[in-house]
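Chemist: Chains as they are written, first to last, in the numbering used here: chain V, 135 to 706; chain P, 135 to 706; chain S, 76 to 359; chain F, 76 to 359.
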Amino acid sequence: MVDLSIIVAGAAGQGMQTISAILAKALTRQGYYVHCSHDLMSRIRGGHNVTAVRISDRPVGAPAERANILVALDRDSIDLHAGDMVPDGVMVFDDKYKIQNEKLNLFPVPLEQLAAEHGRDKRMANAVACGAVFSLMSYDVDPLADTLGDIFSAKGDPVVEANIRAARAGYGFAEREFRGVCPYCTLHEQRAQPQRLLLLTGSEAIAYGALVSGVRFLSAYPMSPATAVMEYLAARQREVGGLLVEQAEDEIAAVNMAIGAAVAGARAMTCTSGGGFALMAEGLSLAGMTEVPLVVYVAQRPGPATGFPTRTEQGDLLFALHAGHGEFARAILCPGDAAEAVDAMARAFNLADRYQTPVIVLGDQQLGDCHWTVDTLDAGRVPIDRGKLRDTWDRSQGEYRRYQLSPDGVSPRLVPGKTGQVQYWDSDEHSEEGHITESADVRRQMVAKRLHKMKGLAAEALSPAVHDRGDDVALVGFGSSKHAVREAADALAGRGVKASAVHFAQAYPLHPDTAGLLGESLKVVVVEQNATGQFARLLHSETGIRPHGSILRFDGRPLTAQYIVDQYVALG
Amino acid sequence: MVDLSIIVAGAAGQGMQTISAILAKALTRQGYYVHCSHDLMSRIRGGHNVTAVRISDRPVGAPAERANILVALDRDSIDLHAGDMVPDGVMVFDDKYKIQNEKLNLFPVPLEQLAAEHGRDKRMANAVACGAVFSLMSYDVDPLADTLGDIFSAKGDPVVEANIRAARAGYGFAEREFRGVCPYCTLHEQRAQPQRLLLLTGSEAIAYGALVSGVRFLSAYPMSPATAVMEYLAARQREVGGLLVEQAEDEIAAVNMAIGAAVAGARAMTCTSGGGFALMAEGLSLAGMTEVPLVVYVAQRPGPATGFPTRTEQGDLLFALHAGHGEFARAILCPGDAAEAVDAMARAFNLADRYQTPVIVLGDQQLGDCHWTVDTLDAGRVPIDRGKLRDTWDRSQGEYRRYQLSPDGVSPRLVPGKTGQVQYWDSDEHSEEGHITESADVRRQMVAKRLHKMKGLAAEALSPAVHDRGDDVALVGFGSSKHAVREAADALAGRGVKASAVHFAQAYPLHPDTAGLLGESLKVVVVEQNATGQFARLLHSETGIRPHGSILRFDGRPLTAQYIVDQYVALG
Amino acid sequence: MLDPEIYKSDDEVAWCPGCYNFAILRAVKQALAELDIAPHQVMFSSGIGQAPKLPHYLKCNLFNGLHGRTLPVATGLKLANHALHVIAEGGDGDGYAEGGNHFVHAMRRNAGVTYLVHDNQIYGLTKGQTSPTSDLGFVTATTPYGSYNAPEHPLALAVACDCSFVARGFAGDAEHLAGLIARAIAHPGFALVDILQPCVTFNQVNTYQWYKQRVYQLGSDHDPADRAAAFVKAMEWGDRIPVGVIYTNDRPPLESLLPQLAKGPLIDQDIDGGAREDLLARFR
Amino acid sequence: MLDPEIYKSDDEVAWCPGCYNFAILRAVKQALAELDIAPHQVMFSSGIGQAPKLPHYLKCNLFNGLHGRTLPVATGLKLANHALHVIAEGGDGDGYAEGGNHFVHAMRRNAGVTYLVHDNQIYGLTKGQTSPTSDLGFVTATTPYGSYNAPEHPLALAVACDCSFVARGFAGDAEHLAGLIARAIAHPGFALVDILQPCVTFNQVNTYQWYKQRVYQLGSDHDPADRAAAFVKAMEWGDRIPVGVIYTNDRPPLESLLPQLAKGPLIDQDIDGGAREDLLARFR
Ligand SMILES: Cc1ncc(C[n+]2csc(CCOP(=O)(O)OP(=O)(O)O)c2C)c(N)n1
Ligand SMILES: Cc1ncc(C[n+]2csc(CCOP(=O)(O)OP(=O)(O)O)c2C)c(N)n1
Ligand code: SF4
Ligand code: SF4
Ligand SMILES: [Mg+2]
Ligand SMILES: [Mg+2]
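1. For MET403(V), which option in GLY449(V), ASP291(V), LEU352(V) and PRO438(V) has the closest C-alpha, if you only look at C-alpha atoms?
2. With a cut-off of 8 Å, do at least 3 Cβ pairs link the stretch 318 to 330 of chain F to the stretch 243 to 257 of chain F?
3. Is ARG177(V) close to chain F? Criterion is C-beta to C-beta, closer than 7 Å.
4. Excluding the five sequence neighbours on either side, which residues of its own chain have a C-beta within less than 7 Å of the C-beta of ALA341(V), listed in chain order?
5. Determine the DSSP secondary structure at ALA665(V), reduced to helix, strand or coil.
6. With a threshold of 16 other CB atoms inside 10 Å of the CB of GLU258(P), please say whether the residue is buried or exposed.
7. Cβ of ALA172(S) less than 7 Å from any chain P Cβ?
8. For THR189(F), which residues from the same chain have a beta carbon less than 6 Å from its beta carbon, with the 5 sequence-adjacent residues on both sides left out?
9. Does any heavy atom of ligand 3 sit closer than 6 Å to the C-beta of VAL280(S)?
10. Within 10 Å of its beta-carbon, does ILE386(P) have 16 or more other beta-carbons around it, so buried, or fewer, so exposed?
11. Report buried or exposed for LEU656(V), applying the criterion of at least 16 other Cβ atoms within 10 angstroms of its Cβ.
12. Taking all protein chains shown into account, decide if ARG680(P) is buried (16 or more other Cβ within 10 angstroms of its Cβ) or exposed.
13. Could you give the C-beta distance for HIS215(V) and LEU204(V), rounded to a whole number, given that I count them as a contact under 8 Å?
14. Along the chain, where does the beta strand (DSSP E) that runs through CYS405(V) open and close?
15. Report the rounded CA-to-CA distance for CYS369(F) versus GLY408(V), giving the unit in angstroms.
16. Residues of the stretch 345 to 369 of chain P with a CB closer than 8 Å to any CB of chain F: list them in chain order, please.
17. Quick check on VAL703(P): buried or exposed, where buried means 16 or more other Cβ atoms within 10 Å of its Cβ?
18. For HIS505(P), would you say it is in contact with chain F, using Cβ-to-Cβ distances shorter than 7 Å as the test?
19. By Cβ distance below 8 Å, which residues in the same chain neighbour ARG184(S) in space, the five residues on each side in sequence not counted?
20. Mind checking if THR150(F) is an interface residue toward chain P, Cβ cutoff 7 Å exclusive?
21. First and last residue of the alpha helix (DSSP H) that includes HIS180(F)?
22. Within the stretch 483 to 536 of chain V, note down every full beta strand (DSSP E) run reaching 3 residues or more, in order along the chain.
23. Who pairs with SER684(V) in a beta bridge, going by DSSP?
24. So does the stretch 137 to 150 of chain S actually touch the stretch 91 to 100 of chain S, counting three or more Cβ pairs closer than 8 Å?
25. What are the start and end residues of the beta strand (DSSP E) that includes GLY611(P)?
26. For HIS262(S), collect the residues of the same chain with a Cβ closer than 6 Å to its Cβ; drop the 5 residues on either side in sequence, then sort them by chain order.
27. Between the C-alpha atoms of LEU451(V) and GLN500(P), what's the straight-line distance to the nearest angstrom?
28. Does the Cβ-Cβ distance between ALA339(V) and ALA433(V) come in under 7 Å?
29. Restricting to Cα atoms, I'd like to know which of ASN390(V), THR444(V) and LEU651(V) is closest to VAL426(V).
30. Could you name each continuous beta strand (DSSP E) segment of 3 residues or more that falls completely within the stretch 231 to 282 of chain S, going from the start of the chain to the end?
31. Taking 6 Å as the cut-off, is the C-beta of GLN125(F) nearer than that to any heavy atom in ligand 2?
32. Between which two residues does the beta strand (DSSP E) containing ARG188(P) stretch?
33. ALA415(P) and ALA388(P): beta carbons closer than 7 Å?
34. Compute the Euclidean distance between the alpha carbons of ALA304(S) and ARG691(P), then round it to the nearest angstrom.
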């Protein structure tokens, strides 16, 4: 089994993410599963940033606790990360730093010098480092060279070639100096038949998922870590045709524009993070009342207020559940990795259209910013279903009424302007026609109509995915913790604890069988990235199950299997 | 026992509220407890509006299900309210409407004619109607005349005298025509010693409570039913000195201005309803993160979105509990009547200052718009406590740090500009100094610091008020349902059900003894004005108690004892 | 020209008797009729207040949303289906206070939306508070000592934001107003008509008479293409208040600039089949 | 004059090397020192972005709040304690996009707040998206085909809102900028200084050189009291870009108009004992 972890550390602007992107892409193409996670500071240059690349021959979706290889792009990184290494881990750094430390496996490489000699200038040290890493892994250098070719192709042949030369120089240097010194880094089980794996970030998966679900309109205001979704879609407006991305003046405009576009008949969404989502709460309530199919992608980051803008947390679950004044139906999906993110968007648009109500997709910085290797994506897996939307109207049914009462709480919906009928959408309490009412009877009917949708939403809720390793304990998680929790369950088996991992890719409504399913475990322990145990409260409130314990992390750093195991042991 | 209910009905602009205000004030001064509730449409003129005045010799805080007297100011009102009367109820209306109906007790009075003859013009029909009602109640007319004198004094003697003449004319007419016809309307148990009772609306109580708690600054954007609080304070800026009311451009400005004023050291608040509160969610989170003592009065109305702007609901409880991204400490008070409203504001300001965190006072249209008779208010009952706020700094303690760690999670707070020290308040995760940090350790400490405040808040939470009538069932409510629930418990006793009424004037955190207290009842039934049973969910989540049933009302109309009893019986 | 009766809605009108909103309603119907716009071809977006109830009293498509949010909804509607005529309707509080940010940015964006503001210099529905256009010293329940804020000149703001059509109408002259509204609807980009609308219940200062004595129609000596002159006209407020078209420019509407919309409305487009494969390929 | 060194903060600066925010930081220190304002007598209110980090790098009181909400917080601070000097600091996105509504209304309100906007025509902290002041056609990650919106002229907006002090500075000339900032702080009402600030990382168009070639200092031929002329100057943008004081008027600051503040800052006042009894009496 292959499980190798490389961390690339340095100051913002030094290109840690370029190195990780190159390594990840090259290895994904070789048939390995890669997961890169980014530990960034909220600044553009300087500071201390880290990217961790984990490589495995099996799907992997969480960083490792300790690294095998460190690529240190500045002096500080060596000291800062010495403690994050496996005992015999190796450190690659520029040999201009004269470091003596017998306890560490130091592999000085003349990164900048080789870059200047073989590449274009010393900024190609990145490519040199990639070459050195490939050599340490005893892997062939050609796949790396190919990948560099593709990544830099837009910049023209001279740039491509210089990069490849730099990478080969790094490779050669390391081969000469360190060949065989580092057997535990070797990617020995080279995969015989590289499948056609894909590498993408969670944000790209969200955006791609939206695209293949037929999104026509996104209005948003930039906010980390949601901006990447907006930027991905913005970049593809022309090539896909029929997509419009509008940068709104603020989040209130963003959500209301998306509502307008949805009313007009376009699949429409917005994306934001907690603070922007807070500003959208009134708009969410509006969509609930007016019965507009609205999809909101919320990429969580640690709060309150500005918090930790570039880090991760799952602290907005209960806020998402209750956001907006008054009571209305909603669903909350919370994908656990890039593949689930694509499906979540497809499901979100379908649910929104079918139930004519807002659907929230709850991600976080970890889901969105990480690179994930996935088995090839099947865009058609969740076919597009627009529910009761029509662009014709049979006049024999009488005049169209936007809020016509119906057994499932969902009224016929027409594309405005296409049918000769007029339609009134109203944010006050309203009659079936959509006019303002003051009637108590109509109010009761309309409240019941809108809330009735929860029945349908619950009936088709996603059931939790159980990674069944026994029933001593169910480790329960939602959203981006999926893989860390699974890994922890596996690791606990090694300690004699039969732990199953239960992953919820939908937080609300919960699948009706949840109680039955979890009731079988002796113990339920909820793992989540917040300080107050929000999912545990939700689970208790919805199913009556009171978890035996919670494993929480709220320092903005991602969950790892090791962290969960340690905390589990500490729980006693 | 006196328990008389009068409804005054007509089109908006016809002055139903003037009549009810006159009756309520006159009778409060006579030592009766009065409760007026208003059933209004969201329009300025026309439509159909109703005011119900209930009169008792004991505190009363909810409308009755059926009225003894109807004052119908237009033709429609007679038909619309025939069904709302006790079997032998009487209807007073202008005799220009020629109505024949043997099943009803019709008391036609030439309201407009008498107004024109004795008062100034036919618009004084209001005063005539008041006179007629006083006569029907077999009450002396002089107290009515005195009250008219006070109410209209600002308009000058001629207006006062014309109103008094009109009232006496109505009184005389009714005395001649109907004397003794209506014994069941008689206020027979006239109170021997009228106490010095007060009559005020819930909004006035909130505003008055804020004033006597030393509020210095209110910034708000008008929104029913919260506007009355703003307008009361605005009207008194000069006379009290040191109070500033600023109409903000929107609710986001309102909450952020209040935060600015609070940071400067002023007791500051904002007020709004659900939609405006939704816009404040980000600001609430900001106050939580920066540790600003902010008081927000939220006057609920039925949602979602614009909903029923002039009606009542308790649909924003869980939203208030979770509003704002990220996790931070807060308290939610929910007074049950005007007297509790005054105390709630005093407590809210103290808690906000002591814990340096936002406190929400959750009212609703019913609390705010109703007139309540209360026993005299003791402004000093809750002494002002500004917590750790100081305007001096002992330099021997070193440099001041805004977020200095401390065992109770609350740091010293200084008035900016007074001490020579500088202070940094920061919405990012921050160090003790208040500078932006990226440290995982500091994050953990600061999250713990902010959430630690919940301990103190819980320890001094208000315990629920039990109206103990036995332990067959506890009828549990929060906020403005207090009196309706009490009355229902009393009424159930008449049916052999020993029901206690348990009123929560604080919704969060719940008093630690709540579970113990409710555990003694066989059954817990939660009464609330929303469709999803939000308080029941909160109770379950916080205490583990799963209510046996819920009595819900969500048509915008206020709870009555009769409604609760009927629903209780239907629950089986 | 269509018969204005076809826009008759059966919803009961909730305005005060005598309110000048009735005149605006008439003018809107007349403008639509003149332009031959059938009820299903136009969609209103309105906010919350007395003014934004207007479209309920019309038989036309309507999205009646939140206080202050008329313009973003209108923009979304227009960009998703630019075959629709989109008219945003609101009050002075709705548009210039709560919605003030959208107002500025909608003008910059220049989507083809007609914006009708019923400017009664007061908050009507909430019973009489100061508004951004209230005059200095105006006494209301929230400004008992009179308003201290410099009154907003929405038209001056519009000229500053290079709004492509800027006009003022007077509800006391429904005929002239109808003409302005028709021009605004016919204008390809974002078009503002600020409408002086006496509120007979809460504004006892700026009454019909008050406006009547002051308004005058802009003559041919005013050149709406001259931005500097327009700015000065837009601030004229006092003894004389101009009505008519204050400023226009020929900025192309946003819809016409977006390559995505060249083939037709967004709602009629589909994603290229080939594009999906290309997108996947980039992840390889 | 105080020693600018007293404003030195020990917080580590997180800006890119070479960023022109450093120059603005120097200018702010110099202005404070010139005006003899001690660190504890001034309070900054800042938003979120690169610009609003500035006050962390000063030893002065600071409330660093939300993106876009600098001005309401500043207004609350000033009205509660008008003895404090209150300076709001933010970026072009912060102030003109997210905070656009507050900008308009703060100018109408005219509380004595100094407002410094670091206008780099781009979103820096979020890594390069279009801003309200981005020029037409400006290509960013969210506007890959160039910005379609008419660029906002914040100074023209300010003149339209009768802002009582309107100036533009250039971070490439810190000396001149410091003088403008000092004048803005000394001005009694609301004072705007829009500062052209090259972002060396994300804005490759509006660079130091680009600005340098275009900016010129307003001469004595410009009369800042002439509102119409100021409007025209405020829109001058292209080959020549004026810096200096574009417009001023003598509107009294809000604090001076409020009777409640006549006796001193709000935080130093107490409710009249007698008033309490009077309030109760009305409920009888
Ligand atoms: C978010 C929000 N804030 C406040 C309100 C309350 N509100 C409704 S209408 C209105 C103002 C009405 O004034 P204007 O927009 O001028 O319209 P008018 O009634 O004068 O036509 C306000 C403040 C609301 N509905 N939503
Ligand atoms: C409500 C909210 N929306 C979005 C953001 C994300 N955000 C932070 S800074 C910023 C824009 C920065 O641009 P600007 O204000 O021009 O400042 P600069 O970084 O260029 O100095 C944005 C969109 C946020 N923090 N809060
Ligand atoms: S309150 Fe004023 S604006 Fe509203 S309907 Fe009445 S007159 Fe018209
Ligand atoms: S991104 Fe631009 S504005 Fe921000 S610090 Fe770097 S150079 Fe300055
Ligand atoms: Mg108005
Ligand atoms: Mg900027």
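Glycine residues also receive a C-beta, built at the ideal position from the N, C-alpha and C atoms.
Bear in mind that the values here come from a model prediction, so they are computed numbers and not experimental data.
Modeler: In terms of the structure at hand:
1. Numbered from its first residue, the first sequence carries residue 403(V) at position 269. Among GLY449(V), ASP291(V), LEU352(V) and PRO438(V), the Cα nearest to that of MET403(V) belongs to LEU352(V).
2. yes
3. Position 43 of the first sequence, counting from 1, holds the residue named residue 177(V). Answer yes: the Cβ-Cβ gap between ARG177(V) and chain F drops below 7 Å somewhere.
4. The residue given as residue 341(V) occupies position 207 in the first sequence. So the qualifying residues of the chain are VAL363, TYR366 and LEU367.
5. Position 531 of the first sequence, counted from the first residue, corresponds to residue 665(V). The answer is coil: DSSP assigns ALA665(V) none of H, G, I, E or B.
6. Walking along the second sequence from the start, residue 258(P) turns up at place 124. Note that residue 258(P) corresponds to Met in the displayed sequence, not to Glu. Answer is buried; the Cβ neighbour count reaches 16.
7. If you number the third sequence from 1, residue 172(S) lands on position 97. It does; some Cβ of chain P falls within 7 Å.
8. Within the fourth sequence, the letter at position 114 stands for residue 189(F). Counting only Cβ-Cβ distances below 6 Å, and skipping sequence neighbours, we find ILE162, ALA259, ILE260 and ALA266.
9. As a working mapping, residue 280(S) is identified with position 205 in the third sequence. For ligand 3, not one heavy atom lies less than 6 Å from the Cβ of VAL280(S).
10. Working through the second sequence from its first residue, we reach residue 386(P) at position 252. ILE386(P) comes out buried.
11. For this step, residue 656(V) is matched to residue 522 along the first sequence. Exposed, by the Cβ-count rule.
12. In the second sequence, residue 680(P) corresponds to position 546, counting from 1. Exposed, by the Cβ-count rule.
13. Residue 215(V) sits at position 81 when you count from the first residue of the first sequence. Residue 204(V) sits at position 70 when you count from the first residue of the first sequence. Sure, about 5 Å apart at Cβ, within 8 Å.
14. Along the first sequence, read from residue 1 onward, the residue named residue 405(V) stands at position 271. Counting along the chain, the beta strand (DSSP E) containing CYS405(V) begins and ends at 402 to 406.
15. Examination of residue 369(F) is not possible in this model, given that chain F is present from 76 through 359 alone.
16. LEU345, VAL346, GLY348, ARG350, PHE351 and SER353
17. The sequence position of residue 703(P) within the second sequence is 569, counting from 1. Exposed.
18. Position 371 of the second sequence, counted from the start, is the residue given in the question as residue 505(P). Not closer than 7 Å to any Cβ of chain F, the Cβ of HIS505(P) fails to qualify, so no.
19. Here residue 184(S) refers to the residue found at position 109 when the third sequence is read from its first residue. Excluding sequence neighbours, ARG184(S) sits near THR150, PHE265 and LEU329.
20. Counted from its first residue, the fourth sequence places residue 150(F) at position 75. Yes, because at least one Cβ of chain P sits closer than 7 Å to the Cβ of THR150(F).
21. Counting from 1 along the fourth sequence, the entry for residue 180(F) is found at position 105. Its alpha helix (DSSP H) spans residues 175 to 184.
22. 493 to 498 and 505 to 508
23. Taking the first sequence and counting its residues from 1, one reaches residue 684(V) at position 550. Its beta-bridge partners are VAL660(V).
24. no
25. In the second sequence, the residue the question calls residue 611(P) occupies position 477. From DSSP, the beta strand (DSSP E) with GLY611(P) extends over 607 to 612.
26. The residue labelled residue 262(S) in the question sits at position 187 within the third sequence. Excluding residues within five positions, the ones whose Cβ falls inside 6 Å are PHE240.
27. What you label residue 451(V) is simply residue 317 of the first sequence in a count that begins at 1. What you label residue 500(P) is simply residue 366 of the second sequence in a count that begins at 1. Each residue's Cα considered, the two are about 31 Å apart.
28. Numbered from 1 along the first sequence, position 205 holds the residue referred to as residue 339(V). Numbered from 1 along the first sequence, position 299 holds the residue referred to as residue 433(V). No, they are not a contact pair.
29. Counting from one through the first sequence, the residue named residue 426(V) turns up at place 292. It is ASN390(V) whose Cα lies nearest to the Cα of VAL426(V).
30. 240 to 245 and 266 to 271
31. Reading the fourth sequence from its first residue, position 50 is the one you call residue 125(F). Checking every heavy atom of ligand 2 against the Cβ of GLN125(F), one is found closer than 6 Å.
32. The sequence position of residue 188(P) within the second sequence is 54, counting from 1. Its beta strand (DSSP E) spans residues 180 to 190.
33. Within the second sequence, residue 415(P) is the residue found at index 281, counting from 1. Within the second sequence, residue 388(P) is the residue found at index 254, counting from 1. No. Outside cutoff.
34. Counted from its first residue, the third sequence places residue 304(S) at position 229. Counted from its first residue, the second sequence places residue 691(P) at position 557. Going by the C-alpha atoms only, they are around 55 Å apart.
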